[in-house]
Structures are given as C-alpha cells and as structure tokens.
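Heads up: take any position in the sequence shown, counting from 1, add 63, and you land on our numbering. From the three backbone atoms N, C-alpha and C, an ideal C-beta is built for every residue, glycine too.
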Amino acid sequence: MLPTILVQGTGSIGMRHLSVIRQSAMAEPFACPVRPERVSALAEAGYQAVSDWASLPRIDGIIVATDTGRHLADALAALQAGWPVLIEKPVPPTADGLDGLAAATRQANRSVFVAAPLRF
C-alpha cells in the first residue's frame with residue numbers, strides 16, 4: 064500500500080506538489096482545496112479530492128500549500144491530527160508563531176519540514 068499524502072491548498076504550488084507526487088508513483092496524492100467548490104474540478108482533472116481531510120481514513124503526511132496567512136493554523140491542525148508536515152515557505156513570521164509550531168511539533172512527536180525549492 065502506498066503512503067497517502069494530502070496536499071492542502073490547490074493554488075499553483077499545491078498543484079505542482081500534486082503533479083509531482085502523482086508522477087513519482089511513490090505515494091497516493093489527495094487534494095484538499097481551501098475552496099470546497101474546487102473539489103469537482105480537481106476530480107475531473109484526475110485527482111482524488113476531498114473538501115475536508117477528516118473524511119480520509121488514513122493520511123501519512125500533509126503538505127501545507129495554502130495561502131501564507133493560513134500556514135501556521137493549517138500546520139498546527141495537521142500536527143494535532145498526528146501527521147508529519149511539509150510546510151511551504153514562509154513559516155510563521157514571528158518568534159511566537161515559530162515557538163508555537165516548535166512546541167506543537169514536540170507535543171505531537173512528529174516532524175515539520177519547510178519547503179524551500181529553487182533557493183540555491
């Protein structure tokens with residue numbers, strides 16, 4: 064059974080993640096758009112899409128590719144659900160936000176990674 068990876072947010076970056084995961088054939092991608100009305104369009108494009116990730120029976124990891132202002136809240140929710148997280152940059156822009164993310168990471172005993180492609 065392939066691991067399941069949920070991509071939360073289906074803007075240009077989220078769609079890129081979905082495409083790469085699907086092409087790799089190393090995981091089963093699921094899309095969770097911020098706007099639920101996008102679910103049917105994603106399904107028509109051949110993606111497995113859900114409007115609420117709580118409906119999935121199993122998730123092995125999540126990629127947070129939502130709007131920048133949602134990154135922290137979405138990452139915290141994923142950690143609370145017990146998933147490892149790949150968060151698109153930027154991470155929370157304040158020390159308090161980073162401290163909260165670090166504390167949630169330790170409490171969940173999960174990993175958080177920051178995506179910074181094309182930086183070098």
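C-beta atoms of residue i and residue j nearer than 8 Å
i           : j           : result
residue 134 : residue 122 : no
residue 105 : residue 88  : no
residue 114 : residue 102 : yes
residue 100 : residue 65  : no
residue 178 : residue 142 : no
residue 147 : residue 169 : no
residue 86  : residue 125 : no
residue 73  : residue 96  : yes
Exposure of residue i, with buried meaning 16 or more beta-carbon neighbours within 10 Å
i           : result
residue 165 : exposed
residue 83  : exposed
residue 137 : buried
residue 157 : exposed
residue 112 : buried
residue 161 : exposed
residue 180 : exposed
residue 77  : buried
residue 117 : exposed
Assigned secondary structure, residue i (DSSP; H/G/I helix, E/B strand, else coil)
i           : result
residue 88  : coil
residue 119 : coil
residue 124 : strand
residue 73  : coil
residue 67  : strand
residue 141 : helix
residue 179 : coil
residue 83  : helix
residue 167 : helix
Expected contact under 8 Å - CB spacing of residue i and residue j to nearest Å
i           : j           : result
residue 131 : residue 153 : 6 Å
residue 69  : residue 119 : 7 Å
Proximity test, Cβ basis, 8 Å: residue i and chain D
i          : result
residue 80 : Although the question refers to chain D, the structure presented lacks it and comprises just one protein chain.
Close-in-space but distant-in-sequence residues of the same chain around residue i (CB under 8 Å, 5 per side omitted)
i           : result
residue 155 : 134, 135, 161, 163, 164
Other residues of its chain near residue i: CB distance less than 7 Å, five sequence neighbours each side excluded
i           : result
residue 107 : none
Residues near residue i by beta carbon distance below 6 Å, same chain, minus five either side
i           : result
residue 176 : 149
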